[in-house]
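Report on the following structure.
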Amino acid sequence: MPYEKLEITTPAPVLSWANHSLGPEEIKMAKNVASLPFVFKHVALMPDVHLGKGALVGSVIATKEAIIPAAVGVDIGCFVGDTLIPLVDGQSYRIKDLMNWGKEFIVYACTPTGKIVAAQATAKLTRRNAPLVKVILDNGEEIICTPDHQFMLRDGSYKEAQLLQAETSLMPFYSKTDKDGYSLIVQPYSSRWQKAHWIIARSGLLGKIPRFEGQKTVIHHRNFYESDNRPENLEFMGDRDHSAYHRSPVERNQHWHSAKFEEKRVASLAQKAKTREGYQYYAERGTRNILQYMEQQPEHFKNAVAGNGNRGKQYLVEYNKSKKGREKSQEIANQYYTCEICGVDVKTPIGLHNHRKKEHQCNHKVVAVNHLNYTEDVYCLTVPEYHNFALKAGVFVHNCGMSAIKTSFTAEQLEGKLKKIRLDIEAAIPTGFNENKDVEKSVSNWQHWDDFKDLHRGVQDLQSKAMKQMGSLGGGNHFIEVCLDTENQVWLMLHSGSRNIGNKLAQCHIHTARELAKMAGNKLPDPDLAHFVAGTPEFQAYWHDLQWSQNYARVNRDVMMARFKHIVEKHLAGGKATKPLLQVNCHHNYAEKEVHFDEDVYVTRKGAVRAQTEDYGIIPGSMGAKSFIIKGKGNAHSFCSCSHGAGRLMSRNKAKNVYTLDDLIEQTNGVECRKDEGVLDEIPGAYKPIEQVMQNQADLVEVVATLKQVLCVKG
Numbered sequence: 013m014p015y016e017k018l019e020i021t022t023p024a025p026v027l028s029w030a031n032h033s034l035g036p037e038e039i040k041m042a043k044n045v046a047s048l049p050f051v052f053k054h055v056a057l058m059p060d061v062h063l064g065k066g067a068l069v070g071s072v073i074a075t076k077e078a079i080i081p082a083a084v085g086v087d088i089g090c091f092v093g094d095t096l097i098p099l100v101d102g103q104s105y106r107i108k109d110l111m112n113w114g115k116e117f118i119v120y121a122c123t124p125t126g127k128i129v130a131a132q133a134t135a136k137l138t139r140r141n142a143p144l145v146k147v148i149l150d151n152g153e154e155i156i157c158t159p160d161h162q163f164m165l166r167d168g169s170y171k172e173a174q175l176l177q178a179e180t181s182l183m184p185f186y187s188k189t190d191k192d193g194y195s196l197i198v199q200p201y202s203s204r205w206q207k208a209h210w211i212i213a214r215s216g217l218l219g220k221i222p223r224f225e226g227q228k229t230v231i232h233h234r235n236f237y238e239s240d241n242r243p244e245n246l247e248f249m250g251d252r253d254h255s256a257y258h259r260s261p262v263e264r265n266q267h268w269h270s271a272k273f274e275e276k277r278v279a280s281l282a283q284k285a286k287t288r289e290g291y292q293y294y295a296e297r298g299t300r301n302i303l304q305y306m307e308q309q310p311e312h313f314k315n316a317v318a319g320n321g322n323r324g325k326q327y328l329v330e331y332n333k334s335k336k337g338r339e340k341s342q343e344i345a346n347q348y349y350t351c352e353i354c355g356v357d358v359k360t361p362i363g364l365h366n367h368r369k370k371e372h373q374c375n376h377k378v379v380a381v382n383h384l385n386y387t388e389d390v391y392c393l394t395v396p397e398y399h400n401f402a403l404k405a406g407v408f409v410h411n412c413g414m415s416a417i418k419t420s421f422t423a424e425q426l427e428g429k430l431k432k433i434r435l436d437i438e439a440a441i442p443t444g445f446n447e448n449k450d451v452e453k454s455v456s457n458w459q460h461w462d463d464f465k466d467l468h469r470g471v472q473d474l475q476s477k478a479m480k481q482m483g484s485l486g487g488g489n490h491f492i493e494v495c496l497d498t499e500n501q502v503w504l505m506l507h508s509g510s511r512n513i514g515n516k517l518a519q520c521h522i523h524t525a526r527e528l529a530k531m532a533g534n535k536l537p538d539p540d541l542a543h544f545v546a547g548t549p550e551f552q553a554y555w556h557d558l559q560w561s562q563n564y565a566r567v568n569r570d571v572m573m574a575r576f577k578h579i580v581e582k583h584l585a586g587g588k589a590t591k592p593l594l595q596v597n598c599h600h601n602y603a604e605k606e607v608h609f610d611e612d613v614y615v616t617r618k619g620a621v622r623a624q625t626e627d628y629g630i631i632p633g634s635m636g637a638k639s640f641i642i643k644g645k646g647n648a649h650s651f652c653s654c655s656h657g658a659g660r661l662m663s664r665n666k667a668k669n670v671y672t673l674d675d676l677i678e679q680t681n682g683v684e685c686r687k688d689e690g691v692l693d694e695i696p697g698a699y700k701p702i703e704q705v706m707q708n709q710a711d712l713v714e715v716v717a718t719l720k721q722v723l724c725v726k727g
């Protein structure tokens, strides 16, 4: 529905998408925020709006040169529009042009072990007028991006652009075209060149690789452009069938009869024999021919090889001692080979191998990182399966984060297994105030632990606890769910945040803001609306800790999702890793610097989700209701935002007084979950009807998928 402008007198108006008439306390809270002198344009209230601390949960507040420390957030790292992205069709495109395509395309991505694969991706505009840095590489390439964008290091981990230092080794992307027009890519894990069309095939984009009896499987390019490796242009064939297919137009093309073509064909076969696959193919074919010859003509073979060793020894020794033999040995010893990475000529194949290992180790190195004094609109790719993509500049970078997974599993596979899955989740992922007994390697290796010493002094004794809580759910409305969509496809979804460390940091800065307000004599309508002014040390300290906390929250979700996915795969796929069909992540309770109505502002989304055009998001219902995967419509009046859920209808204490365990059992019928006093305050009846909430924001979002929980773990 369109918004309603509240009939209240405030310096800034209040626009409401609420699905209910606001009560006196809610109106008072909205008026308090709208009366602040630094509020920009208006305050927007989302459909799930309800009472909160200082500001209504579900409110979106744009401010000029000030921020209220009641939210936690982080910017999304991105690239300027002219950044080139290589696609599998053999061409590179500007990232802003890819956004205008409005469809999926295929990029190169990299696994943590250094194996390059092909993956589907989409592009989107993520921020306007973003601050920038320039990363300069040892190959002379320059990459302009936001300071927080993460680059893939040679060991498979990530580091933000602003934290990169000279000589830092990055995961490389080397590509070239061979003399026959085929695209070649260096695999970082082996330092060997591989044809791009086989990377596409082994990424599963062409289906199962078939076998052709008596033939080697090859890949045919339908349009005869060997560098165009789009899946629709590739077709499996047997090598002899492929050769016959190419020779079929001989009578119509005299080039195929020419001596030049024959010379090229023979040279191509010789080159093929030098490759690992070609060598193996010709070795196997030669072995078959020799065995057949030995079987069919045993006497002839016996006579042919009689005295081979003694007969040849004499001539070999004589040749090696001769002038010609010595010259040949010297020639081989002095022969130079060109390094395909840097162009240096090195003696002998062994020398070339040692040169590669010493000088390159198959990586790119950072030369410098420079902060730029201008801003630009920035863009990023969403790569659901691998979360990274290659740049034309020759390195891999992280894509925007995600938190809900559409799997390849179906409802039938869950039958009889839900309780076991729930118990395994509860055993593997701590809930409530609990924490992990041990700190896993992926947690201890997180790069931002080095920054802990720079956080507010009030949390300096909490690093050990923060490390043990990373990979834990927390309490309240945090959840882990297995859901089914309308096509009975299985989804994995979780909701969590920055745990105790995020809360403690927020409380420290809220206290500081209140003290500053007292010292300045500011008369605020609510003490929880104390704020920091841009440019002050307190603002900078808060903004630093704000971003650290949201980074923590993102990694916390990643760690849990990895465990969650592994548990489901154990029960449904025998422990075999599976590829997600789609992943989505969004966060709420955060602040970000954005451009709205042509003005630079700070946008605080308190219990709201960003919904710019084409932004994916998650709007969960209660533990017995539907949830929704959405795309934003970029509604300017909502500051490109939408609700973060259904929103509470009553407080937790009231829910415990109104409802009984029998009510909980009835309202969660069909959902595998706890049904005890500990989760009674999360009963579906304590939340607003999600269908009505979605109806009220039809002008804010488009529904991509409708989900229903079949398993729920509450914090």
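FYI, the numbering for the sequence shown is 13 to 727, going by the working numbering.
Note that beta-carbon positions come from the ideal geometry of N, C-alpha and C, so glycine has one too.
Any chance you could list the alpha helix (DSSP H) runs of at least 4 consecutive residues sitting entirely within the segment 394-454, in chain order? Inside the segment 394-454, DSSP marks whole alpha helix (DSSP H) runs of 4 or more residues at positions 430-440, from first to last along the chain.
Quick one: Cα of LEU384 to Cα of ALA405, how far? Their backbone Cα atoms lie some 19 Å apart in a straight line.
Would you mind sorting SER510 into buried or exposed? The rule is 16 or more other CB atoms within 10 Å of its CB. Under this definition SER510 is a buried residue.
Less than 8 Å between the beta carbons of GLY514 and TYR564, yes or no? yes
Who are the near neighbours of PHE651 in its chain, counting only those whose CB is closer than 7 Å to its CB and skipping five residues on each side? ALA56, VAL72, ALA74, HIS608 and VAL615
Looking at the unbroken beta strand (DSSP E) that takes in PRO310, where does it start and where does it end? Run containing PRO310: none in the beta strand (DSSP E); it sits in the alpha helix (DSSP H), 310-317.
Which of helix, strand or coil DSSP assigns to MET573: helix
Classify GLU307 as buried or exposed, calling it buried when 16 or more other Cβ atoms lie within 10 Å of its own Cβ. exposed
I'd like the list of long-range same chain contacts for ILE522, defined as Cβ closer than 6 Å, with 5 residues on each side in sequence excluded. PRO81
Whole-angstrom distance between PHE91 and TYR15, CA atom to CA atom: 34 Å
Identify whether VAL100 lies in helix, strand or coil by the three-state DSSP scheme. coil
When you compare only the Cα positions, how much space is there between THR350 and GLU77? Rounded to whole angstroms, the gap between the alpha carbons of THR350 and GLU77 is 57 Å.
Kindly identify the DSSP beta-bridge partner or partners of SER33. BP columns for SER33 are empty, so no partner.
Less than 8 Å between the C-beta atoms of ALA42 and PRO23, yes or no? PRO23 sits away from ALA42, with the two beta carbons spaced by 8 Å or more.
Return the bridge partner residues of GLY250 from the DSSP annotation. The partner list for GLY250 (beta bridge, DSSP) reads THR229.
Option in GLN559, LYS668 and SER653 with minimal Cα separation from HIS161: GLN559
Can the beta-carbon of GLY483 be found closer than 8 Å to that of GLU452? yes
Just the Cα atoms here: how many angstroms apart are ASP60 and GLY657? 7 Å
Does the segment 655-669 touch the segment 682-702, meaning 3 or more C-beta pairs lie closer than 8 Å? In this structure the segment 682-702 touches the segment 655-669; the number of beta carbon pairs closer than 8 Å is three or more.
Might you give, ordered along the chain, the residues of its own chain that have their beta carbon closer than 7 Å to the beta carbon of ARG140, omitting 5 neighbours on each side? ASP389, GLU606 and VAL607
Would you give the residue range spanned by the alpha helix (DSSP H) that ARG204 belongs to? From DSSP, ARG204 is part of no alpha helix (DSSP H) but of the beta strand (DSSP E) over 204-207.
With which residues is LYS76 paired in a DSSP beta bridge? Paired residue(s): none; LYS76 is not in a bridge.
Have a look at ASP462, LYS53 and GLU689 and flag the residue whose alpha-carbon is nearest the alpha-carbon of ASP612. Nearest of ASP462, LYS53 and GLU689 to ASP612, Cα basis: LYS53.
C-alpha gap between VAL471 and ILE492, whole angstroms: 28 Å
In the structure shown, what three-state DSSP assignment does MET306 receive? helix
Using the C-alpha atoms, what's the distance from VAL596 back to VAL86? In this prediction, VAL86 has a pLDDT of 36, which is less than 50 and means its spatial position is unreliable; nothing more can be read from the coordinates.
Is it right to say GLN421 is buried, meaning 16 or more other beta carbons lie within 10 angstroms of its own, or is it exposed? In the sequence under discussion, the amino acid at residue 421 is Phe, which differs from the Gln named in the question. Burial of PHE421 is indicated by the presence of at least 16 other C-beta atoms within 10 angstroms of its C-beta.
Here's the rule I'm using: 16 or more other beta-carbon atoms within 10 Å means buried, otherwise exposed. How should HIS267 be labelled? At HIS267 the pLDDT is 47, less than 50, meaning the model places this residue with poor confidence; the figure from the coordinates comes in the next sentence. That one is exposed.
Who are the Cβ neighbours of LYS127 in its own chain at under 7 Å, not counting the five residues just before and after it? Closer than 7 Å at Cβ, skipping near neighbours: GLN199 and TYR201.
According to DSSP, is MET482 part of a helix, a strand, or is it coil? coil
Would you please state the rounded distance, in angstroms, between the beta carbons of THR229 and GLY216? I believe it to be under 8 Å. That pair is no contact at about 15 Å.
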